[in-house]
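Okay, structure first, notes after.
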Amino acid sequence: MSTNLELPMFTNNSEAELGGRWGMVIDKDLCTGCQACVAACSMENNVPFVGEEDAGYGRSMQWIRIERLWEGLDGDYREVKMTDYQPLMCQQCHNAPCEPVCPVYASVHSMSEDLNLQVYNRCVGTRYCANNCPYQARVFNWRDYADYRETNTADNDPRWSVFQNQLNPDVTVRRRGVMEKCTFCIQRIHQAENQAKAEGREVRDGEFTTACAQACPANAIVFGRIDDPESMVSLAAETSRGSRLHEELRTMPRVTYLAGGA
Amino acid sequence: MSQQFSRRDFLKLAGLGAATTAVLTGCGPSSRYVKREPYQQMPEYNAIGQSTYYATTCRECAAGCGLILRTFQGRALKVEGNANHPLNLGKTCARGQATLQGLYNPDRVTDPVKRASRGSDSTQPMDWDTAVQTVADALTNYKPNEIAFLMGTAPDHLFDLVTDLANAAGMNAPIRFGALSMFEARATLSKAAESLFGQAGMPSFDLGGADVVVSFGANFLETWLSPVSYTREYARMRRGNPKQRGYFIQFESRMSQTASKADEWIPLRPGTEGLVALALGRLVAEAKGGSLPRAFSGVDPAEVAAAADVSLETLEHVAHMIVSAHTPIAVPGGSALGQSNGQTVAEAVLALNALVENVGKSGGVFLSPLSPNQDAYHQPASAKEMQDFVNQMASGKFKVLFIHGVNPVFELPKSIDFKGALSGVEQVISFATFPDETALEADYVFPDHQGLESWGYQRVVTGTSQQVISGAQPVVTPYFNTRATADVLIAAAQLAGGKFAATLPFKDEVEFLNSKVSALMGEADGSFTAPDPVTFMAYFQQYGGWWNKSDVRVSAGNSNPLNRNIAGIEADFVGSGEYFFLPFVSPSLAETGANKPTLQELPDPTTTVMWNTWIEMNPETAKELGIENDDVVKVVSDTGEVEASVYLYPAIRPDVIAMPFGQGHTAYGQFAAGRGVNPSDLLGAHFNEAGDLAFAGTKVTIQKTGKKRQLSRKEGLIGVYEFRPE
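Written as structure tokens, this is what we have:
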């Protein structure tokens, strides 16, 4: 399929911009669906739990979900197959559909990092961005989930506050009415960049990684600079197994998925 | 620049202050902990916003993965894997990540307490001096052989301490147990290896070096033995060799998370795993030519195919895959071993490995090496041994029972009546960190620190070919008024005097650890050396443990393991029901996860259900019975019944009903209590030849209740069942 990027709304100026900066490769052949990335992400990014009822409504706040689908449901049970697990988080699109629909510029593009940002204190909760995201990667704070009393309103026991000892001070705790999503662990990106700047050098490949990639026991997630052809993530993406989700929408996602199977 | 060194410079120079390096904590009793400070009084090394990292060991299961804890101003913020640790190489599972919610949890036991009466919520807080005196009295007021210790699965420093105490004073040897070891059927694996190879030891499977993996129910990507290291090895098998992708076949009656990653999932009739392994052995041996080994001579593949409800072509195809592979491996585990013929199954599968000559070779089967300071290697107790223990409790043989790190009232089947047997014990003292079901039945609860607040070490029993003693140190100050059980026992032993005091002549737990760990100093091929014990101990904590630099692989002793008969029998099933009952350990909750809300909200990998128990049923079966998704049904066995919502699971045999283990707590904190049901209520006290519980050897009936209760799922149902467009 030929990709015409000369759309009036989304004009790219330079090759460098098209190349992106940070990217991720997820090998679906290796992903075992173990949810270690989901737990690691929640612990790093102060992602709260919402309780059984709200989780059933589809309101759980996790920034990654692991999709799996069935094949062969119409035949004999022996022929039923599960598709490869597919961890799905914000794809950090270059042409992000979530950005132009935000009336208050809460969903904006970082030109320096080529990432989609969510500015929590601008967000007024219209949820247009989530509506427009083809990957359903955004989650909304329907309640004050981060105040853990909210999940059990009858209980005003002060012991509740013990959970808050664990909150990561590098990441904002979000309140009710605010949209959020995966940030590619931007706090870790910034920390590594600051460190490198102080030492007068570039950030080295593999110097840091996102919480999900760090935890993954199968090493199915690789994160790094996609504008560096020698980086682990660029090398991993260079395979015939690679593809991006919804490429036909020309969102230019920064996550490459490697197909499973032989 | 000033010539003066500040403490921060010193740490920098010592290479300890930078991120991702462990900073040592002091070893003296008063400086044992880094203090948790208010934000306006930061310790100097935190003043510039740097985090401090500590190496320790994960206590969420008995595998013993190495962790690096990120702490900031005395608070533990994030679990990361210890990249140097040979077992997990910097990786963690979801349960390891959530261990912080066990540390910072509103439901912990905060103080030592005396219970008003067993089973009652009402408790009287005590001070620690009285608590230590209570333990000392318990040691002295009873005869040594009336005192028993029950501990968790992990062979850790506390187990060594109690073993020393028990040996010196003539008390009963401590028993170790855990739900995971019960569902892993550890004793079965180890006994089968001993019977086949003539050598005791836990088999470990080098999946990473294999190009064809044939697994018989082993759930090695979920909770089995050492899931993080096996997941890494799985990845290496798949993509480690750029020229050839490893091939994976799983025989299992239900598509588990592990089976969902297989290239071929071959559902077979429960109980026929051993027969299938023998039939495969025969087909492989015939294809290879030469004389047929005795082990496989008594089996007819066509009959086996019929018994297992698998086509003969499928078996021939699998045999062909094995024959044409360079390094095939067969792995026994999970429900295949938890049946009346479990040991035979394990032997048949290990024999398959012997047939393809991969024992002791790369890509094959090894016996795990024993650790150097592990003189009396001790398996966790099998369910049969637990029943013997329970019988002794009931008969009044034990007057005092100390329980640490295990929750048998919840984990053991109701038919092995642990709770009832406690009435035969005069004094029950629990060291639980959480008010679990067993702590609720104890007269006293003297809470231990949570794992991240504790000192210790733990032996790594399987999952790596190196000998590993994984080190643990507190990463934060204890949050509540808890005390290390080792400290309590040492103090009580001093008060008790006599042999007790002579066995544990230590000031505290740290001194005891020093005495044990410094014994490793003389070992050759260690991961580090040090000139003196103090430095050695410091390195031990900084690196997160001690291990061999090179692999210490133990290959099998018996040169001709196939020259024997393996009785190819089908498993027996107990119960009059028409459905095979298959309990499996919930991959995200396992034995200790139910009190952690983040784990409760992790979708189950295969069903995506959160926060509750479900019953897996084939849609065909459900249709016959008139059952729909989310209908509450009653599962009835000979020994019990439970009610839960149905999840129509397409990848399960129509004659099998499966349920996850991990929920169904009646205590254990607000996130666990009153949620879901416990499938071990349905299990009878039936064992296999090795004494492990035949947990997959039950038959059940299904009764409709007419109720409906929606399960919280991550998946949408559109296009799956109800809303499929015609």
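If you read the protein sequences in the order shown, they are chains A and B. In terms of my numbering, the first sequence is numbered consecutively and its last residue is 267. In terms of my numbering, the second sequence is numbered consecutively and its last residue is 732. Each residue gets a CB set at the ideal place from its N, CA and C atoms; glycine is no exception. This one's a predicted model, so the numbers in the text were calculated from it and none came from an experiment.
Look at B:G102 here: in three-state DSSP terms it is helix. In the DSSP assignment, B:V615 forms a beta bridge with B:R719. The beta carbon of B:D557 sits closer than 8 Å to the beta carbons of S471 and Q472 from its chain, once the five residues preceding and following it are set aside; these are given in chain order. For A:F168, the chain B residues whose C-beta falls within less than 8 Å of its own C-beta are Q107, Y110, N111 and P112, listed in chain order.
The C-beta of A:W75 comes closer than 8 Å to at least one C-beta of chain B. In the three-state reduction of the DSSP assignment, B:V431 falls in the coil class. Taken through DSSP and simplified to helix, strand or coil, A:S112 comes out as strand. Of the candidates B:V324, B:S187 and B:R659, the residue whose Cα lies closest to the Cα of B:A700 is B:S187. Taking a Cβ-Cβ cut-off of 7 Å, B:A445 has no neighbours in chain A, whose nearest Cβ is about 18 Å from it. Across the set B:V282, B:R659, B:L83 and B:T105, the C-alpha of B:T105 shows the shortest separation from the C-alpha of B:T63.
Going by DSSP, B:R192 is part of the alpha helix (DSSP H) stretching over R192 to F203. Look at the segment 615-646 of chain B: the residues with a C-beta under 9 Å from a C-beta of chain A are M616, W617, N618, N624, P625 and E626. For A:E72, the uninterrupted beta strand (DSSP E) run begins and ends at R70 to E72, by DSSP. As DSSP reads the structure, A:T261 sits in a beta bridge with A:V30. As for any beta strand (DSSP E) of minimum length 3 sitting wholly inside the segment 154-239 of chain B, the runs are 209-211 and 218-222, ordered along the chain. CA-CA distance, A:V208 to A:Q196, rounds to 10 Å. Measuring C-alpha to C-alpha distances from B:N88 to each of B:G102, B:R81, B:Q79 and B:F542 identifies B:G102 as the nearest. In its chain, beyond the 5 residues on either side, K33, D34 and D89 have a beta carbon closer than 6 Å to the beta carbon of A:G265.
Under DSSP, the beta-bridge partners assigned to B:G462 are B:A478.
Interface annotation, A:R70: in contact with chain B, CB-CB separation under 8 Å. For B:G599, the closest C-alpha among the options B:F667, B:F486, B:T535 and B:G366 is that of B:F667. Taking CB atoms only, A:N224 has a neighbour in chain B less than 8 Å away. Contact of B:F78 with chain A is assigned, a C-beta pair being separated by under 8 Å. Under a criterion of Cβ atoms nearer than 9 Å, no residue of chain B is adjacent to A:L240; the nearest Cβ is some 12 Å distant.
Shown here is that no member of the segment 447-476 of chain B has a Cβ falling below 7 Å from a Cβ of chain A.
Taking a contact to require three or more Cβ pairs closer than 8 Å, the segment 315-332 of chain B and the segment 212-227 of chain B qualify as touching.
The beta carbon of B:D442 lies closer than 6 Å to those of N413, A673 and Y674 in the same chain, with the five residues before and after it left out. Counting C-beta atoms within 10 angstroms of its own C-beta, B:T136 has fewer than 16 neighbours from the protein chains shown and is therefore classed as exposed.
Separation of the CB atoms of B:V641 and B:V706 is rounded to 5 Å, and the pair is thereby assigned contact status at 8 Å. For the segment 185-215 of chain A, the set of positions with a beta-carbon nearer than 7 Å to some beta-carbon of chain B is empty. Using a CB distance cut-off of 8 Å, A:G38 counts as an interface residue toward chain B. Contact between the segment 88-98 of chain B and the segment 565-577 of chain B is absent: fewer than 3 CB-CB pairs across the two stretches fall below 8 Å. In this structure B:Q263 is not in contact with B:P589, their Cβ atoms being roughly 15 Å apart against a cut-off of 8 Å. The Cβ of B:Q103 sits closer than 8 Å to at least one Cβ of chain A.
Following the DSSP letters along the chain, one finds B:Y59 inside the beta strand (DSSP E) bounded by residues T58 to T63. The beta carbon of B:A678 lies closer than 7 Å to those of A600, N601 and H671 in the same chain, with the five residues before and after it left out.
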